[in-house]
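Residue numbers (this note's numbering): 45 to 209.
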Amino acid sequence: MTAKIQVLMVCLGNICRSPTAHGVFKNRIENAGLGDKIHVDCSGTGNYHIGEKPDLRSIETAARRGYDLDSFRARQVQASDFERFDYILAMDATNLRNLRARCPQVYLPKLQLFLDYAAADCEAVPDPYFSGPKGFDVVLDLIEDASDGLLVHIRDRHFPDPGAG
């Protein structure tokens, strides 16, 4: 059996965007029957909320769409994450810059913007922390879009259908 593909979702504090991306992508993985082949986790570039649950607004918005974020706890990106994860996906350009500043040169190709996988013409998942409830719905819309694209990419690249073509 090949090793699992490791995916890390990254935002600033790891209480809004990245745990939402973690929960949505985990749902997509399980629904596709790939839970034994793909692992997802999340973290933040900042250390502001280590050990905390996701923002209640993120938990509630996700729950309305069937995603469970309640068990997640914030953590900060660790040096070992750069080696461990195959895909390290930042929610915006600022977090991507912060990751690049800490990442050993050899692992830089693993760093990307999460929305590179979205059909939507948008570069950043906006931070909803200071927005109203609508901001959390926008975040979830973008994350669902990118999660679908990422799953197709990983499936096509790492687990191609031997019967296709």
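From the three backbone atoms N, C-alpha and C, an ideal C-beta is built for every residue, glycine too.
Quick caveat: nothing in here was measured; it's all calculated off a predicted structure.
query	result
Helix, strand or coil: how does DSSP classify D189 here?	helix
Where does R61 land, buried or exposed, given buried means 16+ other C-beta within 10 angstroms?	buried
Is it buried or exposed, E167, if we count other Cβ atoms within 10 angstroms and call 16 or more buried?	exposed
Return the chain-ordered ranges of every beta strand (DSSP E) run that is complete within the region 79–162 and spans a minimum of 3 residues.	82–88, 131–134, 155–157
Which whole-angstrom value is the C-beta distance of L133 and V54, which I expect to be below 8 Å?	7 Å
Express the C-alpha separation of E74 and M45 in angstroms, rounding to a whole number.	Residue placement at M45 is poorly supported in this model, since its pLDDT is 42, which falls under 50; the coordinates are not used for a value here.
Report the three-state DSSP secondary structure of L52 (helix, strand or coil).	strand
Rounded to whole angstroms, what's the CA-CA distance from L52 to I59? Just pull it up for me.	14 Å
Among G193, L184, G77, T64, which one has its Cα closest to the Cα of R117?	T64
Just checking my contact of G264 with L143 at CB under 8 Å: how many whole Å lie between their CB atoms?	This structure gives no information on residue 264, because the portion of the chain shown stretches from 45 to 209.
CA-CA distance, V182 and E104?	14 Å
Does the Cβ of K178 have 16 or more other Cβ atoms within 10 Å, making it buried, or fewer, making it exposed?	exposed
Do R146 and Q50 have their CB atoms nearer than 7 Å?	no
Three-state secondary structure (DSSP) at A168?	coil
Do V97 and V84 have their CB atoms nearer than 7 Å?	Per the sequence shown, residue 97 should be read as Lys rather than Val. Contact: no.
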